[in-house]
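Chains as they are written, first to last, in this note's numbering: chain V, -4 to 225; chain C, 69 to 182.
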């Protein structure tokens, strides 16, 4: 029973059998969308497969891209440098040319929502990297900043809309140099005790997890809904 | 008096045959997160004229079955899906991306003569 594996993989939009080293954590929202769709199909409710009701956007392919960036370490004294500096990079090459991007949501998970060990407030700065990273320079030259936000810590997952940035990266892949994330501990410059700052930053580095949720619509599989409405 | 219908055993008549493909049998459980397998049901069976009205058949199938009786060179009506449902697949690709895709008209729920 020779299973025409290659044909079926192509049908799934894959060119070869994936062989992941380890399973990525599946976020709650993807599991919910999967189960909602399975339940609807099982009980015979027909749903629009080209509209993601749970996210309120059109689309029939959802991808969660893991961050492939790396931490940067400043040469300055702890007080004088941010608690955490990270280059975030997301590989958009899996998105096919014919697909239309309808959502790109950056998720920054700062760690569990535990309140038994309240950390200090944090200041988050997110900017676009517009020049390739030069190795002898400790941090990339930050370009356009688009998030400056202070958050109480621990905060759980923060979400940022990157649709326009992702569209630009998808149309001009050479522009995709990633994002530069800096997190400062509010008032860190006047905190007298080093080890607390160090301990706080080390904990943040361990718990930070970044991902990009991308939703696309494949026009070959999804005819324009306006035609359906007509 | 009713003309006795030819004795056709039910199992030869057009109906849905169930077939479940377990992704583990193909070694795909290593990259498909959910579901565990895929219902590859199919339609198969005869569409004799005498039963086209009851085998969930279309009007066209009734006419084709009638024509087949008149001229056996005309093929019989065929057993085809009459109700389909989509599936969703949650899987991981070679770039460690987690992908959720919906595929419409993938599972055969009902069959009929068409």
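Even for Gly, the Cβ is constructed at its ideal location relative to N, Cα and C.
Every value quoted in this text rests on a predicted model; they were computed, and no experiment measured them.
- In this structure, 170(C) is the residue among 170(C), 138(C), 181(C) and 104(C) with its C-alpha nearest to the C-alpha of residue 36(V).
- Judged by beta-carbon spacing, residue 61(V) lies beyond the 9 Å limit of residue 29(V), meaning their Cβ atoms are not closer than that value.
- If you keep only unbroken beta strand (DSSP E) runs of at least 3 residues inside the region 129 to 180 of chain C, you get 147 to 160.
- Residue 33(V) reaches chain C at 102, 103, 155 and 156, counting residues in chain order whose Cβ is nearer than 9 Å.
- Under the Cβ distance rule, residue 122(V) does not count among the residues neighbouring chain C, no pair being separated by less than 9 Å.
- When the alpha-carbon of residue 152(C) is set against those of 146(C), 167(C) and 111(C), the nearest one is in 111(C).
- The beta carbons of residue 145(C) and residue 132(C) sit closer together than 9 Å.
- Judged by DSSP secondary structure, residue 1(V) falls within the alpha helix (DSSP H) whose first and last residues are 0 to 6.
- For residue 31(V), the enclosing alpha helix (DSSP H) stretches over residues 23 to 37.
- By the Cβ neighbour-count rule, residue 97(V) is buried, with 16 or more other Cβ atoms within 10 Å of its own.
- The shortest CA-to-CA distance from residue 216(V) to any of 93(V), 65(V), 200(V) and 4(V) is the one to 93(V).
- With a cutoff of 9 Å on beta-carbon distance, residue 26(V) and residue 94(C) are scored as not near each other.
- Put simply, the backbone Cα of residue 31(V) is about 36 Å away from that of residue 127(C).
- Per the coordinates, the alpha-carbon of residue 166(V) lies some 10 Å from the alpha-carbon of residue 87(V).
- In this structure, DSSP gives residue 160(V) a helical state, which the three-state scheme calls helix.
- Contact of residue 29(V) with chain C by beta-carbon distance below 7 Å involves 102, 156, 158 and 168.
- DSSP places residue 119(V) in the strand class (E or B) of the three-state scheme.
- One alpha carbon belongs to residue 101(C), the other to residue 164(V), and they sit about 28 Å apart.
- Under the three-pair Cβ rule at 8 Å, the region 196 to 207 of chain V does not count as touching the region 83 to 98 of chain C.
- The beta-carbon distance between residue 121(V) and residue 152(V), rounded to whole angstroms, is 14 Å. This is too long to meet the 8 Å contact definition.
- The C-alpha of residue 97(C) is placed about 20 Å away from the C-alpha of residue 57(V).
- Here the alpha carbons of residue 179(C) and residue 134(C) stand approximately 20 Å from one another.
- In the same chain as residue 83(V), and ignoring 5 residues on each side of it, the C-beta atoms closer than 6 Å to its own belong to 62, 64, 173, 174, 176 and 205, in chain order.
- With a beta-carbon spacing of about 4 Å, residue 176(C) and residue 149(C) fall inside the 8 Å limit used to define contacts.
- Under the three-state reduction of DSSP output, residue 42(V) falls in the coil class, being neither helix nor strand.
- Residue-level contact check: residue 16(V) touches chain C, since one or more beta carbons of chain C fall below 9 Å from its beta carbon.
- Residue 175(C) belongs to the set of residues whose beta carbon lies under 9 Å from a beta carbon in chain V.
- Its Cα nearest to that of residue 19(V), the residue 160(C) stands out among 160(C), 174(C), 168(C) and 172(C).
- Per DSSP, the beta bridge partners of residue 102(C) are 158(C).
- Non-local C-beta neighbours of residue 79(V) in its own chain, meaning closer than 8 Å and more than five positions away in sequence, comprise 66, 176, 177, 178, 196, 199, 200 and 203, ordered along the chain.
- When the five nearest sequence neighbours on each side are left out, the beta carbons in the same chain lying within less than 6 Å of the beta carbon of residue 103(V) are those of 153 and 205, in order along the chain.
- For the set 42(V), 181(V) and 159(V), the Cα lying nearest the Cα of residue 101(V) is the one of 159(V).
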